[in-house]
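In the numbering used here, the protein residues as written are 69 to 406.
Below you can see the structure in the form of structure tokens.
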């Protein structure tokens, strides 16, 4: 046999293996270094993420955390803010981006409540649900110089003169207002009588509290923890079933004798009109994101719960949340644009 033929036979298996490896790389990594899921969903378009609230709040934090965690998967992306009305202004604009899979929007319980409370014309039926990402406990706070030292003190004030206890929080109908109403109800007061001061974003609510305009405030922990750590705010209670790791010394409402539990959640949607293939590709991309070290570190540092859920399971969860929240809003007398 020709020596060259013998050499070829010897190296042929390795050559075949090399070709197969190259093929696999080409299949799993698309042009520009993007994974196949990102390429299938975005093509040549840059990913854009709408935070439907002003800077500084939970949706803004979540959107920018997604941007960072997706960097190695999609390259450069853009986060932009459209604030107002519990996210319903952003939702109405987002609903006009029909068929554009490179556009994403953060959403969550606050938007579900705001849609119900404001009788919003555009609802989450007009977008494509993709994934639930996180949960975030609420925390009841007062300014550090307040004479209210404990949750028991605040509860007593609410029992004796509910209208005098102004409570600052996020948008009307959001998780914060729902929690304030549930607390009042549990304390034997009319939830509709809560003196709630709504804000477009978490930053505005903090400013109101620090100015002394409000007696107390309710916020997502990640949004207001810097002020707690700096000694500007006193945390009275958290709304979760158990104490949270990043505020281990703060009791739950239930520990304080107020039988209320409420956890905010956040997720992400795409516009309506995208194809089934694009929807699946985006879900795969978000699944990859949720498993990155960057995302997991963000969850830990912010005290966010990891409740990742995609596909039909998330759609079923969202439908049930809409039904449940609509009922809560009606029971609390917060509907009809109040």
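Built from N, CA and C at the ideal position, the CB exists for glycine as well.
Contact under 8 Å by Cβ, residue 141 with residue 249 = If you check the CB distance, residue 141 and residue 249 do not come in under 8 Å.
Could you tell me if residue 148 is buried or exposed, where buried requires 16 or more neighbouring beta carbons within 10 angstroms of its beta carbon?
-> Residue 148 should be labelled exposed.
One or two residues paired with residue 333 in a DSSP bridge | Paired residue(s): 203.
DSSP three-state assignment for residue 322, whether helix, strand or coil = Assigned with DSSP and collapsed to three states, residue 322 falls in coil, not helix or strand.
Looking at residue 298 and the ligand HEM, is the gap between the Cβ and the nearest heavy atom below 7 Å?
-> The ligand HEM is absent from the structure shown, which contains no ligand whatsoever.
Use the C-beta contact count for residue 193: other C-beta atoms within 10 angstroms, 16 or more gives buried, fewer gives exposed.
-> Exposed is the call here.
Cα-Cα separation between residue 221 and residue 282, rounded to whole angstroms | So the alpha carbons of these two residues sit roughly 16 Å apart.
Look at the Cβ atom of residue 202, then the Cβ atom of residue 334, and state whether they are nearer than 8 Å.
-> It is a contact, given that the beta carbons lie within the stated cut-off.
Local conformation of residue 119 per DSSP, three classes = Judged by DSSP in its simplified three-state form, residue 119 adopts strand.
Mapping DSSP to helix, strand and coil, what is residue 146?
-> It is a strand residue.
Just reading off the beta strand (DSSP E) that residue 286 is part of, what are its end residues?
-> Segment 284-288, the beta strand (DSSP E) holding residue 286.
Helix, strand or coil for residue 415, going by three-state DSSP, please let me know.
-> This structure cannot settle anything about residue 415, because the visible part of the chain is limited to 69 through 406.
Between the C-alpha atoms of residue 105 and residue 113, what's the straight-line distance to the nearest angstrom?
-> Their Cα atoms are separated by approximately 13 Å.
DSSP-derived helix/strand/coil call for residue 386 | DSSP places residue 386 in the helix class (H, G or I) of the three-state scheme.
Could you pull out every residue in the same chain whose Cβ sits closer than 7 Å to the Cβ of residue 224, ignoring the five residues on either side in sequence?
-> Contacts found: none.
Report all residues from its chain with a CB closer than 8 Å to the CB of residue 326; omit the five preceding and five following residues, and keep chain order.
-> Cβ within range, chain order: 219, 223, 251, 254, 255, 305.
Of the choices 107, 357, 116, whose alpha-carbon is the least far from that of residue 339?
-> Ranked by Cα distance from residue 339, the options 107, 357, 116 are led by 116.
Name the two residues that bound the continuous beta strand (DSSP E) containing residue 229.
-> Annotation for residue 229: no beta strand (DSSP E) segment contains it, and DSSP assigns it neither H nor E.
Consult DSSP for residue 196 and reduce its assignment to one of helix, strand or coil.
-> Judged by DSSP in its simplified three-state form, residue 196 adopts strand.
Is the Cβ-Cβ distance between residue 246 and residue 330 less than 8 Å?
-> Cβ atoms of residue 246 and residue 330: closer than 8 Å.
Given a cut-off of 8 Å, decide if residue 159 and residue 447 are closer than it, judged by their beta-carbon atoms.
-> Residue coverage of the chain in this structure runs from 69 to 406, which leaves residue 447 outside it and unanswerable.
Does the Cβ of residue 280 have 16 or more other Cβ atoms within 10 Å, making it buried, or fewer, making it exposed?
-> Residue 280 comes out exposed.
Between the C-alpha atoms of residue 198 and residue 191, what's the straight-line distance to the nearest angstrom?
-> Distance between the alpha carbons of residue 198 and residue 191 is about 15 Å.
Tell me where the beta strand (DSSP E) around residue 165 begins and ends.
-> From DSSP, residue 165 is part of no beta strand (DSSP E); its letter is neither H nor E.
Which residues in the same chain as residue 287 place their Cβ atom closer than 8 Å to its Cβ, once the five residues preceding and following it in sequence are excluded?
-> These residues qualify, in order along the chain: 206, 207, 209, 237, 238, 244, 270, 273, 274.
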